[in-house]
Amino acid sequence: MVAAIVLVFISAILVLAGAPVLEVHGLLVTGAVGSWSKLAQVLRVWVPLTLCSCGLLYTFQIGLWNIGVEGQVMLGAIGATAVLRLGFDSALPGAVLGAALVVGMLGGALWALLAGLLKTWGGVNEIFAGLGLNFVAQGLILWLIFGPWRRPGVASMSGTEPFAESLWFPTPAVWRISPHALGLTLVALAATALVLRHTRLGLALRAVGGNPSASYLFGLKPGRLMLWAMGLAGALAGLAGTLQVTVVYHRLIPAISSNYGYLALLVVMLADYRLSWVPFIAFFFAALNVGSIQLPLVLQLDSSLSGVIQGALVLTVLLIHAWNSGKAGTRWTT
Amino acid sequence: PQPVGASDFSFGLLLVGPYNDRGWSQAHFDAGHYVEAKLPGVKMLYIDKMNPADRPGVTIPQLVDDLVGKGAKLIIANSDDMKDGIREAAKQHPDTYFLHISGDDALTGKGPNNLSNLMGRMEYGKMLAGFTAALTTKTGKIGYLGPLINEETRRLAAAAYLGARYGWEQVRRQPAADLKFKVTWIGFWFNIPGVTSDPTQVAQNFFDSGYDVVLSGIDTTEALVVARQKHQGGKPVWAVPYDFKGACEGADQVCLGVPYYNWGPSYLQFITAARSGNWKQQWLWLGPDWSDINNEDRGPIGFLPGPALSAEARTALKQFTAELGAGKVNLFQGPLDYQDGSSYLKAGEVASDQQIWYMQQLLKGMEGPSSAK
Amino acid sequence: MDDLNVLAVLAGVLAGASPIVLATMGETITEKAGLINLSLDGTILLAAMVAFLVAHDAGSLGLGFLAAALVGAGIAAVVGIAGVYMGQSQVAVGFVLTLMCRDLAYFLGNPYSRIQGPRLAPLPVPGLERLPLLGSLLFRHSLLVYLSVAVIATTWWYLYRTRWGLELRAVGENPQAAHARGIDPKRLQLLHALLGGALVGLAGGAFSLGIKPGWGRPQGAEGMGWIALAIVIFGGWHPLKVALGAYLFAFLQVLGIPLQSWWPSVPAQVFQVAPFPLMILALLLLGLTQKDTLQRWADAHPRVRKLLRSIQGRAPRALGRPYRQE
Amino acid sequence: MDLELRDIHKHYGTVHANRGIHMRVASGTIHGILGENGAGKSTLMKVLSGYAARTSGDIFLDGRAVDTTTPAQANRLGIGMLYQDPLDFPSLTVLDNFSLGRPNRGGGLNRRALAEELTRLCRDFDFDLEPERSLEQLTVGERQQLELLRLLSLEVKLLILDEPTTGISTPQKEKLFGALRRLAAAGMTLLLVSHKLEDIESLCHAVTVLRQGRVSGEMTAPFQLDELVNLMFGTIPAPPPRGAVASGEPVLLLHEATAGGDRAGLGNCTVSVRRGQVVGLAGLEGSGQGVFLRLAAGLAKPVRGSLTVLGTQLKPGDHHGFRDAGVVFVPTARLDEGLVGSLTIAEHCALTEPHPSFRIDWQGAANTAAQRIARFRIQGSADTPAALLSGGNQQRLLLSLMPARPRLLLLEQPTRGLDLEPARWIWAQLRALCADAATIVFSSAELDEIMAFADRVLVFYNGSLVRDLDTRDSDLDDLARAIAGK
Ligand SMILES: Nc1ncnc2c1ncn2[C@@H]1O[C@H](COP(=O)(O)OP(=O)(O)OP(=O)(O)O)[C@@H](O)[C@H]1O
Ligand SMILES: Nc1ncnc2c1ncn2[C@@H]1O[C@H](COP(=O)(O)OP(=O)(O)OP(=O)(O)O)[C@@H](O)[C@H]1O
Ligand SMILES: [Mg+2]
Ligand SMILES: [Mg+2]
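Chains as they are written, first to last, in this note's numbering: chain A, 763 to 1096; chain B, 71 to 443; chain C, 10 to 335; chain D, 57 to 542.
Take a look at the structure:
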C-alpha cells in the first residue's frame, strides 16, 4: 500500500521532470545491488546509518526527539581525529585506533549529554537544543579544518591531512568494505536488541517514554534515564563518526556526518521505531542513495530523486498511521 | 597500457559541483563536450556534485571503478579535494589514465605514472582582472571576494593585486599609497548560511565602504548581483566575476570582464595522447595563448573584457596583455614582500613556479588575513 | 576601519534580512496558533525554486511570488492537516517535509540552474528617497524590503489588535477554552498554518527573485529555515522581538566581515553560528525562570523579576499539542 | 427560558458518564444540580453548553427541540456556561479574555467599546477588574467574576455555573450569590452545579440529584438536608464491628503543615497517624486530602510546617527516599499517573521487581504476572498492555504491583471503579498487610467505603482538616454534612 502510493507519487514526479519512469526504477536497483562493488558501497552507507538509527531507538523509547545526531556524529569524528593526530607516529597503531574508537564514542556521547542536560536541567526542548548544537558542531569542524588542524599550507575542503595508512581500519581489497566496521555495526545491533529487550535499562526507557510520572512512582529516575538514553545514542552516533574518519575518509572532512543523522531519523520513523526493521530500512535507504548515482551517469537526471523517494515513503507512512489511528479512535502507544 | 585504435574511446569526468553551475564545473563539462565534438568516437561519461556533502559515503575510487566498468579509459577529476582519492584510484587501475586538475602529485612524485596534473595559470587571468579594476576604480579601492584560504586562493588574490598595482602605478600613474586592495574571505567555495559569511553581504559591505570594484574569487554571482543593484540605485560600481566565460551575461552595466578557464584544448591534447597510447606523466601548468587569449581552440585560460569596460581601458588592457605575452612585464618579480614584512622575492628575483604555486601569505600592500586562525 | 558607511550598512542589514523577516513572521503566526511547522528549510528552498521557475517561464515576478506563496501554503497544509486534523506528530511531519522538499527542489529545479531570470529592481520612493539620512536608509530599496517591514507591522497589528489575532493567540494558549467560546480551534490553526506557510513561501521567493536571484545548487538559502526557526524562539514568539532577532542576525552576518581583519583571532564561524547558541540561551533562560528556586529568588528581587519578564518570551502553551474535542 | 432534557446519554470512550437523564427547569429560577464526585454533573452541563457532544438524547428550550453540538450553537441559543475548571486564557489580559468569543463576525475589535462595557458591568455588579491586567495576577474568584460578566454581556438567557464556589473566599461568594439572585429575579434561568449543600440551600429554588450518571431524585425548596444526603451518597450501611484504634508509635506526623496543590491546597494541618491504623480521608475531591497524601508520600514539599515520616526526618519531596524507607504510594488516576499504558502486565511486574537484576528474566516476570493475575483476578494475560485493560482491572493491576511489606501505605481512592465484591476482597488483602504492622492512609469519595474499612476518619473541607473521628462512634449524617461544608 505504502509502496504503491509512493511509486505513483515518484512516477508522477518523474513524468513531471520528463524522465523515463521504468528505466529510472531499473537503474536504482542495478545501481545499488548490481555488483559486489556497488553492494559494498551500499554497506558503507549502511554502517553509519544503522549505527545512528540504533542510537535513535534509545531516545525514541524514552520519548525524546534526538534531532542532534548529526552533531554527535561530528563530535565523534572530531574525537577520533584528535586521537589519531596525537598518535600519528605511534608504534602501536592498534592501540591508537582503539583509543580513537573510545574517544570518538565519548565525544558523541558528551555532545548528546549536553543536549540532554539542557533538557533535564535547563528545560530546553531537545529538538531545538539538538538542532542548535548541530550547527555549532559544524562550525567547530570547519574551524578545526581551516584553523588548527589545517593541512600544511593547503587548508581546503578536502579536510585534514590523511592519517598514515597504519591508522586506517584495513579494508581487504576483495572485500571493499572494512570488516571492522561491519563487525562493530553488527555488535551494535545485537547490543541494542539485547539492551532494549532484555535489560532493565531498556524496560525503564520504555516505561519513562510511556509515562514519566508513573515511572517515577515505580522508583525510576526519568531525568537520569533520559541522560542515559542520550548518552547511548550519542555514543553510537560518535561511533559512526569515528568509522567515517577511520574507515571511509581517513581524515576529518567538513561533511563528515554526511546527513546520516537526519536520514537516520527517517529510517527509524519508517521502521515504526522497531529495531527489527531498522537494518533493512537502513539498507534500503543506503541502496537508494548509492543507486541514485546512476541517474546522472546514465540519464543525466539529478540524483536528489533518492531523497525525494525516502521522504515520500516516510511521509506516506506517517499519514497512513495517523489515518488508521484516527479511525480506531484510541491512541495509547507512544 | 596497450594502444587503443582510433575507434571508440570513453573518458570519465568527475565534477565537484553541478555540471550546470556556470562556473568551475561547467567549464570542465563544456570542455568535455568540446572534445566530443572535435574527436568523433570519443564519448564522455560524467558524474557531477562529486563531493562528500552531496554524495555521502561515495568515494572517488569506487566511482572510478564504476566509470572504468562502463568503459572509461581516462578519468579526469576536477577538484583539488579529489587528490587523495584519485591517487588511490590511479594505483588501483594502472591501465587507466588519470588527469587530476589542480593537483601536484606528478610534481611531488606521490602519484603513479598513469596520473598527470593539469592546471591553468589563472594568475594571468587574475592579473588582467586586477588591471581592469585599477583602470576603472574611481575611489582607488578594490575589493576581492575570496573563498577559503589556501595556497591557490592566496596566489590568485596576489596576482589580482599585482595586476591592479601595475595598472594603478604604471598606467594611471597614481601614487602606490592611494591604492587599497582588500581581501575578504567567506570561508568556503560558496555560501552556506550558518556556516560561511554571506557573499552578498560581503559584496554589499565592500560597496558600502567605498570600494567600487569587487573582484570575485568564487563562482557564484553575488558580486555581480550586488553591483547591479547598487548601479541601479545610482552608484557607480563594477564587478569582475570568475571562472566561466559567459559569466557577464545579464550584467552589462557593471561587468568589467571575466577571467575564465577554457579546458577544451588541453583536454583534447591529453585525450589524444591517451587514445594513441602516447601518454606521458606530466605536471602541466599552462598559461594563456598570448597570441589570442580568447580563442577557444587555444590555451586553458582567457580573459573576456566585459561590456562595462571603457574604451581606453580596453586599449590599455590590450597593451598590457601584449607586454605580458612578450615577457616585457613580469609581475612576479622582486622586490616583493609578504604581508608580515618578510621577503618574498628579493629585488630583481623572478619567482619560480614553485614559489608562486606554494605562496605562503598575501603580499604586502594587500589587506585581509593570510591564513585562517 | 575603512570609511564604512554606517547608514549603508544598516540599509544593507534591512535589505538582507527581508526574507528572514518574512519567514519568521510566518512561523510566528503559525506557532502563535499552537502549530509548529518544522518544514521551513525545505519550504524556503522549494518555494525559491518554484518562484524562479514560474517567474522565468511566465516572465512575471508577481506570478513567481504568487507561486512561492502557494507552495509555502501547500506544504503548511500538509503539516496542518496531518498535525491538527489527523493528530500526527507535527514535528515528525515537518521534519520529513524539510528533507523531502529540499531534494524535490534540487531535482525539479535542475534544468533552471544558474540561468538568467527576472529579479526585483530597487524602487526608490519618490520624494522620500531624497531625505538626508533616512532616504538612503529606508527609501531606496526594492519592493520586497518595504513589504518585509510592512509585514512586521501587520503581523503585530493582526496579532494584537484584531479579533482574529486575539482568537489565534487564544487557540495557541488554550484550545479547549477557545472551543468553549465558539471558536473552531482546528480550522483556525489550519488557516494560520496556511497563512504562515504562504509567508515562508514568499521568503523563498524573496531569495530567488530578490536577494540571491536565480536558482542553483546550492541556492544560498540552505539552512535559512533552521535559522528562522531559531530566531522565532529567540524572539520569544513576539513579532517585534522576532523581527529584531532577524535584524540582529543580519547584522551579525555583516559584523563578521570587518571583524575578519580587525580581530583575526576570532574564528570566522563564530558569527555564522551565533543564532543557534543565542536560541539555546533564550530557551535556557525560559526554562530556568520556570524553576522554583529561581522563581522564588526572582520574586524576592522585583527588579530582577521585571527584567526577566521583559526579556523572556513564552511559548504558546498549546504549541505542538494537537487539540482533541471531548 | 424553560429547559427540558430528555434521555441524555454521554459516553467517553468506554465510560458511560450520563445514563438517560431527564430534567426540567422553569424560567427565572435557580436550579441546583447536586451529586458526589464523578456523578456526571459536569458532563451533563457540557452537553448542554455544546462543549461535549452528547451521544444521544434531546434538548428542548421553551418547548422547541434544539441542537447544541458546538458551543457556538449554544451561544446563539442564549446558553452560557461557567466551567468548573476555568476555561480562560491566563496569559492574556482581562480585556482580551472579555473580548474573546463574541458571536459577531468580522475581524474588527473595538477595544475601547469593550473596555467601556466591561467597566460598566463591573460597576453594576460591584466587581473590581482592571481591563489591562494580565489574568495571571487575578485570583480564581476574580477570574470567575470576569467570566460571569463576559457571559452576561453576551446576553445569555440560560446561565450554567459549574461549582462556582470552589476556591473563592466568603466575601467573594457573597458578592457572587447576590449577583445571581438579581439575575434570576430579572428572568434569567440559572443552573448551579455543586455538591455543597449550603450553596444549594441558600440559593436554589429546586434541585436535581445525580448519582452514578442517573437522576436519583428531585426536590424543591425548602430542602430536607438528610434526604438530599441520602440521594447523593445512597444509603450508607452501618460499619461492621471492629476493635479499638491501634496506638503504636507515630508513623506520620504533620505539624502545621501547609502546601499548595489541587484546588484548595492544604493549610495548617496538624495530625499524627500511629502504627497499625487504617485512616480514611473523606472530603470532596480537591479539598486537601490529595495534597495530604502527596506530602506523606514525599511527592510534595510543605511550604511551612513540618513533616515527620516513620520517625525519621526524610527529606520532603524526595519520594524515592520515602520509598526506600517503606512508604508506598498508589495514585488514583491509573493511566495518567499509576501505570504505563504501553507496557504489558509482565513488563509492569518486571519493572517493580523488588530485587532487580540488570538482565531481565522474562520467564520469571511472566510467572509473577500469571500469579498476580490469578491472585487479583485481573481480566487479561501477561502480555496485555495496561491500556487495554478495563478501568477496574487497571486498578487491580496497580494494587497487585505494591511491594510486599510496606510500612506506610498511602492509597488514593483504592477501589474507585470496582464493584462491591472485588472491593471487599481488595480490602481483605490490604488489612492483611496491616496485620503485619503496616499503616494505611487512604482517600475515598465514597463514605461507605471509609465507614466500612477505616478505623479513623479525617474529614477535609476546602483545604483544611475539619474533623478527626473514630469511625466506630461517628454519626454518618454529621460526617456527610461535614464533607459538604455544613
Ligand atoms: N473527558 C473525559 N474523558 C473521559 N472520561 C471523562 C471525561 N470527563 C469526565 N469523565 C468521566 O465521566 C464521569 C463523570 O464525570 P463528571 O466530570 O461529569 O463528574 P462530576 O459529577 O462533575 O464530578 P465532580 O463533582 O468531581 O466534578 C467520571 O467517571 C469521569 O471520570
Ligand atoms: N483504549 C482501549 N483500547 C482498546 N480496548 C479497550 C480500551 N479500553 C478498554 N478496552 C477494552 O474494552 C473492555 C471494556 O472496558 P471498560 O473499561 O468499559 O470495562 P468496565 O465494564 O468498565 O470494567 P470495570 O468494571 O473493570 O471498569 C476492556 O476489557 C478492554 O479490553
Ligand atoms: Mg464536575
Ligand atoms: Mg469501568
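Where is the CB? At the ideal position from N, CA and C, for every residue including glycine.
{"Check": "Of the listed residues D:M137, D:E305, D:S413, D:S83, nearest to D:A242 (C-alpha basis)", "Outcome": "D:S83"}
{"Check": "Top-ranked residue by Cα proximity to B:M120, from B:A142, B:G139, B:I156", "Outcome": "B:I156"}
{"Check": "Cβ-based contacts, 9 Å cut-off: residues of the stretch 881–904 of chain A near chain B", "Outcome": "F897, Q900, G901, L904"}
{"Check": "Closer than 8 Å: A:L895 CB and nearest ligand 1 heavy atom", "Outcome": "no"}
{"Check": "Beta-bridge pairing of D:E274 - partner residues as DSSP gives them", "Outcome": "D:T264"}
{"Check": "Residues of the stretch 1062–1079 of chain A whose Cβ lies closer than 7 Å to any Cβ of chain C, in chain order", "Outcome": "D1064, S1066, L1067, G1069, V1070, G1073, A1074, V1076, L1077"}
{"Check": "Listed by chain order, chain C residues near B:Q525 by CB distance under 7 Å", "Outcome": "Nothing about residue 525 of chain B can be read from this structure; chain B reaches only from 71 to 443."}
{"Check": "C-beta neighbour in chain A for C:L317, strict 9 Å", "Outcome": "no"}
{"Check": "Burial state of A:N1086, where buried means 16 or more other Cβ atoms lie within 10 Å", "Outcome": "exposed"}
{"Check": "Neighbour list for C:W235 in chain B, Cβ cutoff strictly below 9 Å", "Outcome": "P263, G264"}
{"Check": "Distance cut-off 8 Å: D:N131 Cβ against heavy atoms of ligand 1", "Outcome": "no"}
{"Check": "Cα-Cα separation, D:G382 to A:I889", "Outcome": "39 Å"}
{"Check": "Reduced DSSP category for B:D100 - H, G, I as helix; E, B as strand; rest coil", "Outcome": "helix"}
{"Check": "beta-carbon D:G94 near ligand 1 non-hydrogen atom, thresh 8 Å", "Outcome": "yes"}
{"Check": "For B:F276 and B:E319, the rounded distance between their alpha carbons", "Outcome": "22 Å"}
{"Check": "B:K250, enclosing beta strand (DSSP E) - first and last residue", "Outcome": "250–255"}
{"Check": "Cβ-based neighbour list, A:A1151, same chain, cut-off 6 Å, excluding 5 preceding and 5 following", "Outcome": "Residue 1151 of chain A cannot be examined here, being either before or after the span of chain A that is shown, 763 to 1096."}
{"Check": "Same chain, Cβ closer than 7 Å to D:G273, five either side skipped, listed in chain order", "Outcome": "V265, L287"}
{"Check": "Under the three-state DSSP convention, the category B:S440 falls into", "Outcome": "coil"}
{"Check": "Cβ-based burial, A:V949 [other Cβ within 10 Å; buried from 16]", "Outcome": "exposed"}
{"Check": "Where A:I1055 meets chain B, residues with beta-carbon distance less than 8 Å", "Outcome": "I117, R125, V128, L133, D136"}
{"Check": "Exposure of D:H375, with buried meaning 16 or more beta-carbon neighbours within 10 Å", "Outcome": "buried"}
{"Check": "Stretch-stretch touch, CB-based, cutoff 8 Å, three pairs: the stretch 129–140 of chain D with the stretch 78–93 of chain D", "Outcome": "no"}
{"Check": "Anticipated Cβ contact below 8 Å, A:G996 with A:G870, distance rounded", "Outcome": "4 Å"}
{"Check": "Near-chain B residues of the stretch 218–250 of chain C (beta-carbon distance less than 8 Å), N- to C-terminal order", "Outcome": "I220, K221, P222, G223, G225, R226, P227, G229, A230, E231, G232, M233, W235, I236"}
{"Check": "Beta-carbon gap between C:Q304 and B:G438 smaller than 9 Å", "Outcome": "no"}
{"Check": "Where the alpha helix (DSSP H) containing D:T245 begins and where it ends", "Outcome": "Run containing D:T245: none in the alpha helix (DSSP H); it sits in the beta strand (DSSP E), 245–250."}
{"Check": "Sequence-distant residues of its chain with Cβ nearer than 6 Å to A:G817 (five each side left out)", "Outcome": "A995, L998, A999"}
{"Check": "Contact test: D:D218 Cβ vs ligand 1 heavy atom, cutoff 8 Å", "Outcome": "yes"}
{"Check": "One or two residues paired with D:V543 in a DSSP bridge", "Outcome": "Not covered by the structure: residue 543 of chain D. The range shown for chain D is 57 to 542."}
{"Check": "Burial state of A:V791 (16 or more Cβ within 10 Å)", "Outcome": "exposed"}
{"Check": "From B:V86, B:W94, B:G82, B:L218, residue whose alpha carbon lies closest to that of B:W333", "Outcome": "B:W94"}
{"Check": "Partners in chain B for C:A114, counting only beta-carbon separations shorter than 8 Å", "Outcome": "In chain order: nothing, as chain B lies at least about 13 Å away."}
{"Check": "Where the beta strand (DSSP E) containing D:Y517 begins and where it ends", "Outcome": "512–517"}
{"Check": "Per DSSP, the bridge partner or partners of D:P490", "Outcome": "The question names Pro, but residue 490 of chain D in the sequence shown is Cys. None, per the DSSP bridge assignment."}
{"Check": "Identified DSSP bridge partners for B:M189", "Outcome": "B:W355"}
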